[in-house]
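**Student:** Chains A and B are the protein sequences, given in the same order.
So the first sequence is numbered by full-length UniProt numbering: it starts at 1 and just counts up by one.
So the second sequence is numbered by full-length UniProt numbering: it starts at 1 and just counts up by one.
Below are the structure tokens for one structure; questions will follow.
2 protein chains.
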Amino acid sequence: MARTAGRPTRSKAEIQEFRSKIGKHALEIYRVEGFGAVSIRRLAKEVGCAPMTIYAHFEGKTDILRFLWADVLRDMSHDIEKKLKSVVDARERLRAAAQAFVDYWIDHPDHFRLVFMSNDVTRADVSAFIMDEDTLAHFLMFSGFIREVHPEEHDVKMSTDTLISGLIGIALCMNTMPDYPWADAASMTNQLLSSIST
Amino acid sequence: MARTAGRPTRSKAEIQEFRSKIGKHALEIYRVEGFGAVSIRRLAKEVGCAPMTIYAHFEGKTDILRFLWADVLRDMSHDIEKKLKSVVDARERLRAAAQAFVDYWIDHPDHFRLVFMSNDVTRADVSAFIMDEDTLAHFLMFSGFIREVHPEEHDVKMSTDTLISGLIGIALCMNTMPDYPWADAASMTNQLLSSIST
DNA sequence: TTAATATTTGGTACGCGTTCTATATTATTA
DNA sequence: TAATAATATAGAACGCGTACCAAATATTAA
Numbered sequence: 001m002a003r004t005a006g007r008p009t010r011s012k013a014e015i016q017e018f019r020s021k022i023g024k025h026a027l028e029i030y031r032v033e034g035f036g037a038v039s040i041r042r043l044a045k046e047v048g049c050a051p052m053t054i055y056a057h058f059e060g061k062t063d064i065l066r067f068l069w070a071d072v073l074r075d076m077s078h079d080i081e082k083k084l085k086s087v088v089d090a091r092e093r094l095r096a097a098a099q100a101f102v103d104y105w106i107d108h109p110d111h112f113r114l115v116f117m118s119n120d121v122t123r124a125d126v127s128a129f130i131m132d133e134d135t136l137a138h139f140l141m142f143s144g145f146i147r148e149v150h151p152e153e154h155d156v157k158m159s160t161d162t163l164i165s166g167l168i169g170i171a172l173c174m175n176t177m178p179d180y181p182w183a184d185a186a187s188m189t190n191q192l193l194s195s196i197s198t
Numbered sequence: 001m002a003r004t005a006g007r008p009t010r011s012k013a014e015i016q017e018f019r020s021k022i023g024k025h026a027l028e029i030y031r032v033e034g035f036g037a038v039s040i041r042r043l044a045k046e047v048g049c050a051p052m053t054i055y056a057h058f059e060g061k062t063d064i065l066r067f068l069w070a071d072v073l074r075d076m077s078h079d080i081e082k083k084l085k086s087v088v089d090a091r092e093r094l095r096a097a098a099q100a101f102v103d104y105w106i107d108h109p110d111h112f113r114l115v116f117m118s119n120d121v122t123r124a125d126v127s128a129f130i131m132d133e134d135t136l137a138h139f140l141m142f143s144g145f146i147r148e149v150h151p152e153e154h155d156v157k158m159s160t161d162t163l164i165s166g167l168i169g170i171a172l173c174m175n176t177m178p179d180y181p182w183a184d185a186a187s188m189t190n191q192l193l194s195s196i197s198t
């Protein structure tokens, strides 16, 4: 189809640039003042555009908050790596990683809320938790740990998925139901790990 | 201390009555029009009081939404019971219950969001997920199932907690990250169960 | 340049949760 | 009855997410 007259559609690069400008500023606000301070109106004002312009580039606020996930997950990964430095045994590395994972989310409840509980209840539709490969890598590191412990394991993927969702579940429960006397996180993590250690 | 003059404090019964009146009406709205339709302003208008009066009885909107949890959990329990009717073997009952639990939350994503993801991200404080005993019972039924399968099990509580949080985690992951190719829920549930079957 | 089209902007609007203040209402004791 | 204290109310205000719309602006093909 031949190009007609008129202003051309924004290039992918332009769109990307604007989105990341907004995203970076959102990150800055959140780091200094917390999530509550991140608002579309404020973002627009401080970045120098109209609020509606943001809606031309993002689906909504949740779409902006996704930009913060990467930062949080990176922080989490660093935290885990730090704790793993002195651990050599493969089995113990897996255990320590799982434990560090849970601990991170328990120690940073606001981060947990941002990443795992940021879907608006008022929305009926299931808004997708879209992740790029870099982001996913922060979760899939567990695949590597599992493979180290069980090189013969036939279904590493299922073990990984079960472990990850289980660990997230532990964090969710301890975060959102702090008054219920849960068994301690370490014990639950260990028991969960026992399910994938054949 | 002697009573002084002045209007006496509301009795517990009065407080309870008002709270349940609001709660019941919220339930009605939500059943007909969904969660998005439940708002404090509307609640006040339809129940015949000022919006501020509600704030005298509830901490905030989340505090009201808690009234809907009981309803959702009851619904979930009924669903599980129905599916368990024809299952006699204890081990299979546990498995079927766990599966039905996960399935329920996957089939009713809006209910899942209400119960497990209704904490406002903007709030820094961890608002407690307070449950009464009736509500808790809907979760603790798993203790019974586990005990039936493993009468000798020394730490039923830990197994129960690990199972519940793990199942919730599976539901959370599949609900909030539907685009990620998770292993199927049944497989993950089974693997999770293997961790408590010693 | 002109016409066509994409995008941005500003303004207005709705309903929301929440907070504040000032005023009224109520039920009790003195 | 009068004073008093608990409670309820109305009203305004703030900032929010989101939607709609008309006007302005930018960028291209003809």
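Note that the Cβ used here is the ideal one computed from N, Cα and C, for glycine as well.
1. Among L167(B), I29(B) and A56(B), whose alpha-carbon lies nearest the alpha-carbon of Q99(B)?
2. Residues in its own chain within less than 7 Å of I15(A) by CB, not counting five upstream and five downstream?
3. Which runs of the alpha helix (DSSP H) at least 4 residues long sit entirely within the UniProt domain "HTH tetR-type" (16-76) of chain B? Give them in chain order.
4. Terminal residues of the continuous alpha helix (DSSP H) containing T135(B)?
5. How would you list, in chain order, the residues of chain A whose beta-carbon sits under 7 Å from the beta-carbon of K157(B)?
6. With a cut-off of 8 Å, does the C-beta of T135(B) fall near any C-beta of chain A?
7. For a test of the three-state rule: what should DSSP assign to A5(B), helix, strand or coil?
8. How about the segment 38-46 of chain B and the segment 78-92 of chain B: do they share at least three Cβ pairs that are nearer than 8 Å?
9. Along chain A, in chain order, which residues have C-beta atoms closer than 7 Å to that of S77(B)?
10. Under a Cβ-count criterion, where at least 16 other Cβ atoms within 10 Å of its own Cβ denotes burial, should D110(A) be classed as buried or exposed?
11. Against chain A, does S194(B) count as a neighbour if the rule is that its beta carbon must be under 8 Å from one of theirs?
12. So what's M117(A) in DSSP terms, helix, strand or just coil?
13. With a threshold of 8 Å between beta-carbons, can I168(B) be considered close to chain A, or not?
14. Under the three-state reduction of DSSP, which class applies to P178(B): helix, strand or coil?
15. With the cut-off set at 8 Å, would you say I164(A) and A185(A) are in Cβ contact?
16. For chain B, is any of its Cβ atoms less than 8 Å away from the one on L172(A)?
17. Would you call the segment 24-32 of chain B in contact with the segment 66-74 of chain B, where contact means no fewer than 3 C-beta pairs closer than 8 Å?
18. Can you find the residues in the same chain that come closer than 6 Å, C-beta to C-beta, to M1(A), ignoring five residues on each side of it along the sequence?
19. With distances taken between CB atoms, is the gap from A183(A) to M188(B) smaller than 8 Å?
20. Touching or not, the segment 91-108 of chain A and the segment 42-50 of chain A, by the rule of three or more beta carbon pairs under 8 Å?
21. Exposed or buried, which one is M177(B) when buried takes at least 16 other CB atoms within 10 Å?
22. Can the beta-carbon of T162(B) be found closer than 8 Å to that of I106(B)?
23. May I ask which residues mark the beginning and end of the alpha helix (DSSP H) holding I90(B)?
24. Please name the residue in V47(B), F116(B) and S118(B) whose C-alpha comes closest to that of F18(B).
25. Please report the straight-line C-alpha distance between K61(B) and C49(B), rounded to a whole angstrom.
26. Could you have a look at D155(B) and say whether DSSP puts it in helix, strand or coil?
27. Use the C-beta contact count for residue 201(B): other C-beta atoms within 10 angstroms, 16 or more gives buried, fewer gives exposed.
28. Compute the beta-carbon to beta-carbon distance between V102(A) and R93(A), rounded to the nearest angstrom, for a pair I have assumed lies under 8 Å.
29. With burial defined as no fewer than 16 other Cβ atoms inside 10 Å of the residue's Cβ, what is the status of L136(A): buried or exposed?
30. When the Cα atoms are used, what is the spatial distance from T53(B) to I22(B)?
31. Which same chain residues, not among the five before or five after A13(A), have their C-beta less than 8 Å away from its C-beta?
32. With distance defined between alpha-carbon atoms, name the residue in Q191(B), V149(B) and L172(B) nearest to R113(B).
33. Just to confirm the assignment, what range does the alpha helix (DSSP H) spanning A185(B) have?
34. Determine whether the Cβ of D63(B) lies closer than 8 Å to any Cβ atom of chain A.
35. Is V32(B) buried or exposed, if buried means 16 or more other CB atoms sit within 10 Å of its CB?
**Tutor:** So, to answer that:
1. L167(B)
2. H57
3. 40-47 and 51-57
4. E133 to V149
5. A183
6. no
7. coil
8. no
9. Within 7 Å Cβ-Cβ: nothing; S77(B) doesn't reach chain A, min ~17 Å.
10. buried
11. yes
12. coil
13. yes
14. coil
15. no
16. yes
17. yes
18. For M1(A), the pLDDT reaches just 47, beneath the cut-off of 50, and the residue's location in the model is therefore unreliable, leaving the point undetermined.
19. no
20. no
21. buried
22. no
23. Inspection of the sequence shows that residue 90(B) is occupied by Ala rather than by Ile. Its alpha helix (DSSP H) spans residues A90 to D107.
24. V47(B)
25. 16 Å
26. coil
27. Nothing can be reported for residue 201(B): it is not among the residues displayed for chain B, which extend from 1 to 198.
28. About 15 Å separates the two Cβ atoms, so there is no contact after all.
29. exposed
30. 11 Å
31. none
32. L172(B)
33. A185 to I196
34. no
35. exposed
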